[in-house]
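Novice:
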Amino acid sequence: MGDSPLPAAIKHLGQNFLIDPNIIRKIITLAELSLNDHVLEIGPGRGILTDALCHSAGSVTAIEIDPRLHAYLSERQAQFQNLSLVLGDAMTYPIEHLPLGTIVVANLPYYLSTPLLFRLLEQHHRFTRLVLMLQNEVADRLVAKSGSSAYGVLSVMAQYSAEITKAFKVSPQCFRPRPDVDSAVVLLRTKDRFEPTRENKDQFAAIVRAAFAHRRKTLVNSLRDQGYDQKHVVAALTALHLSPSIRAENLSLEEFIVLTRQIHGSPHSSRLWQLNQRS
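In structure tokens:
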């Protein structure tokens with residue numbers, strides 16, 4: 003993108019710029035972009051991925067919080083008529099105004115990756131898929147299954163909203179400056195979940211967060227400490243043939259879903275789940 007001096011990385015913004023064109027090609031391939039697609043990029047940095055996105059998609063919205071990088075990219079914006087460059091914070095940008103069917107492709111700043119993930123997943127119905135570069139440890143949490151130490155709130159909430167694949171790892175050598183951690187690219191294909199009311203997902207999220215609030219405690223005690231009626235929780239677990247001494251990390255996504263329905267008074271769905279388990 004031109005001959006201007008490259009802006010230096012700012013450490014507190016978590017700037018580690020991708021420099022490996024082979025990794026860019028792999029990301030673009032994974033995103034399966036067409037000229038009909040609208041892409042959201044968060045943190046375009048020096049623009050190496052932005053270039054490739056503009057060549058592969060119909061339109062690209064790139065949100066950059068650093069005024070120096072925004073100015074650097076703005077000088078080159080004329081090269082791409084399909085690029086909308088935004089100076090702003092991805093945590094406050096109105097992503098609810100993006101077109102339905104938007105695809106997110108981004109090298110997320112690692113210091114902000116988890117809150118950004120939660121924010122994007124809140125709008126999962128707006129995105130068909132997300133291709134994200136993350137710290138390898140966060141990628142492992144996203145795909146973790148029940149029973150593992152990496153399994154927690156992020157695992158359950160992300161898997162509730164999307165089918166997730168850890169696509170490939172990325173060496174620190176692929177960045178300047180080099181990060182102190184390994185990275186990985188994940189693909190999230192969002193699920194088309196039918197929610198009768200907004201409360202359903204809010205109730206589910208509240209139970210998941212409460213369940214993992216005290217990892218060493220049993221699920222019953224952790225939920226009790228977060229304000230749930232202990233007898234009600236024990237009755238719900240018993241109805242689902244789950245031990246009252248079970249811990250949150252041993253409940254699968256599906257078990258969290260039916261537990262929420264049981265606690266909030268939708269036993270019909272829970273009975274169906276029990277029948278499916280036996281068949």
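Residue 3 is where the sequence shown starts when you use the numbering used here, and the numbers rise one by one after that. Each residue gets a CB set at the ideal place from its N, CA and C atoms; glycine is no exception.
Could you have a look at residue 31 and say whether DSSP puts it in helix, strand or coil?
Specialist: helix
Novice: Considering only residues of the same chain and omitting the five flanking positions on each side of residue 247, which have a CB-CB separation below 6 Å?
Specialist: Excluding sequence neighbours, residue 247 sits near 220.
Novice: Residue 191 and residue 165: beta carbons closer than 8 Å?
Specialist: yes
Novice: Check whether the segment 100 to 116 touches the segment 32 to 50, taking contact to mean three or more Cβ pairs, one atom from each stretch, closer than 8 Å.
Specialist: yes
Novice: Between 70, 114, 30, 232, which lies nearest to residue 133 when the distance is taken from Cα to Cα?
Specialist: Each of 70, 114, 30, 232 was checked against the Cα of residue 133, and the nearest Cα belongs to 30.
Novice: Roughly how many whole angstroms lie between the Cα atoms of residue 203 and residue 259?
Specialist: 9 Å
Novice: Using a 10 Å radius around the Cβ and a threshold of 16 neighbouring Cβ atoms, would you call residue 72 buried or exposed?
Specialist: buried
Novice: Can you give the beta carbon distance from residue 141 to residue 188, rounded, assuming they're within the 8 Å contact cut?
Specialist: Contact flag correct, Cβ pair sits at about 5 Å.
Novice: Just to confirm, are residue 56 and residue 19 a CB contact at a threshold of 8 Å?
Specialist: no
Novice: Which residue wins for smallest C-alpha separation from residue 171, given the options 95, 93, 183?
Specialist: 183
Novice: Over the uninterrupted beta strand (DSSP E) stretch that includes residue 63, give me the two end residues.
Specialist: 61 to 66
Novice: Mind reading off the beta-carbon distance from residue 210 to residue 159? Whole number of angstroms is fine, and I expect it under 8 Å.
Specialist: 6 Å
Novice: For residue 98, which residues of its own chain have a beta-carbon under 8 Å away from its beta-carbon, when the five flanking residues on both sides are left out?
Specialist: 125, 128
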